[in-house]
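In what follows, a structure is listed as structure tokens, so that the remarks can point back to it.
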Ligand code: FPP
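Numbering (this note's numbering), first residue to last: 335 to 589.
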């Protein structure tokens, strides 16, 4: 994946200068709620599907910038368990876009030694999306430079309910004792248990909600909000968010 030159202007918006970062204090895991595609589409007088298409360009830019910086894990909220309430047209456009993105980007993601993981109820997705995601996960399973963790058909409450069910089955089958069920045990039954908790959460478009995203894992994450709509979000916006993260004092409940 070649690292593109920094754009001075994205979608007609001037992008800020790159702030300098302390490379010894980068977040290990960045989670992003990519919000604002619909409002961006409205502002530009195009369909919501075109807004998501524009959002896919930001995904590319942020994956490249994160890989280049040496971020360990990037989690992206692509489709929630609540997003099924959108029109059929928009839902099918989103899944078509996902398959198109995988078709175009998977080779370079693999070449860049990035591992793809998927967090969510994969079995509830359309067959084509399941196939493409499984292929991406299998192809990149041995990669070690960065994890691109895609949350799709994901809800944190569903994840916790699914973890509780797996634990209940293990207890019923005698593989686990009730007294073994503690925080570490629950964490081991999440969708992708190998990932460290996110250090920071970025939400674009000015909204200030968690929207059922990684509620367990985000317990101590620094939350960074930006008014920038997701399709306008680029490398300088990511750097600015990381600079804000680096300005915070993290105490994890201590002093
Ligand atoms: C939220 O904006 C965005 C989504 C529900 C979908 C995110 C999907 C992409 C960025 C497409 C590509 C993703 C991958 C992983 C290839 P919204 O539609 O809720 O915006 P609004 O709040 O302005 O209506």
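Each residue gets a CB set at the ideal place from its N, CA and C atoms; glycine is no exception.
Exposure of residue i, with buried meaning 16 or more beta-carbon neighbours within 10 Å
i           : result
residue 376 : exposed
residue 542 : exposed
residue 380 : exposed
residue 390 : buried
residue 493 : buried
residue 382 : buried
residue 414 : buried
residue 327 : Nothing can be reported for residue 327: it is not among the residues displayed for the chain, which extend from 335 to 589.
residue 516 : exposed
residue 469 : exposed
residue 399 : buried
Spatially closest choice to residue i from the options, by CA coordinates
i           : options               : result
residue 540 : 371, 362, 494 and 359 : 371
residue 388 : 474, 434, 525 and 483 : 434
residue 577 : 557, 588 and 472      : 557
residue 521 : 507, 536, 533 and 498 : 498
residue 473 : 345, 365, 437 and 502 : 437
beta-carbon residue i near the ligand FPP non-hydrogen atom, thresh 7 angstroms
i           : result
residue 468 : no
residue 390 : yes
residue 567 : no
residue 348 : no
residue 463 : no
residue 379 : no
residue 401 : no
residue 454 : no
residue 368 : yes
residue 525 : no
Neighbourhood of residue i by C-beta, 6 angstroms cutoff - its chain only, sequence neighbours within 5 removed
i           : result
residue 336 : Because residue 336 carries a pLDDT of 47, less than 50, the predicted location of this residue cannot be relied on, and the following value inherits that uncertainty. If we look at residue 336 and ignore the five residues flanking it on each side, it has no Cβ neighbours.
residue 454 : 485, 486, 487 and 488
residue 586 : 554
residue 477 : 447, 448 and 449
residue 575 : 536 and 558
Contact set for residue i: own chain, Cβ-Cβ below 8 angstroms, skip 5 residues either direction
i           : result
residue 406 : 362, 363, 480, 481 and 530
residue 401 : 335, 446, 448, 479 and 480
residue 368 : 389, 392, 393, 410, 411, 412, 538, 564 and 567
residue 459 : 429, 467, 486 and 487
residue 465 : none
residue 462 : 429 and 433
Cut-off 7 angstroms between Cβ atoms - residues of its own chain near residue i, not counting five sequence neighbours on either side
i           : result
residue 514 : none
residue 504 : 510
residue 545 : 367 and 414
> Can at least three beta-carbon pairs, one atom from the segment 416–426 and one from the segment 442–454, be found at a separation below 8 angstroms?
Replying inline: No, because fewer than three Cβ pairs between the segment 416–426 and the segment 442–454 fall closer than 8 angstroms, the two stretches do not touch.
> Okay, do the segment 566–575 and the segment 390–398 touch, 3+ Cβ pairs below 8 angstroms being the bar?
Replying inline: yes
>> Below 8 angstroms, how does it come out for the segment 488–504 and the segment 545–552: are there three or more Cβ pairs, yes or no?
In response: yes
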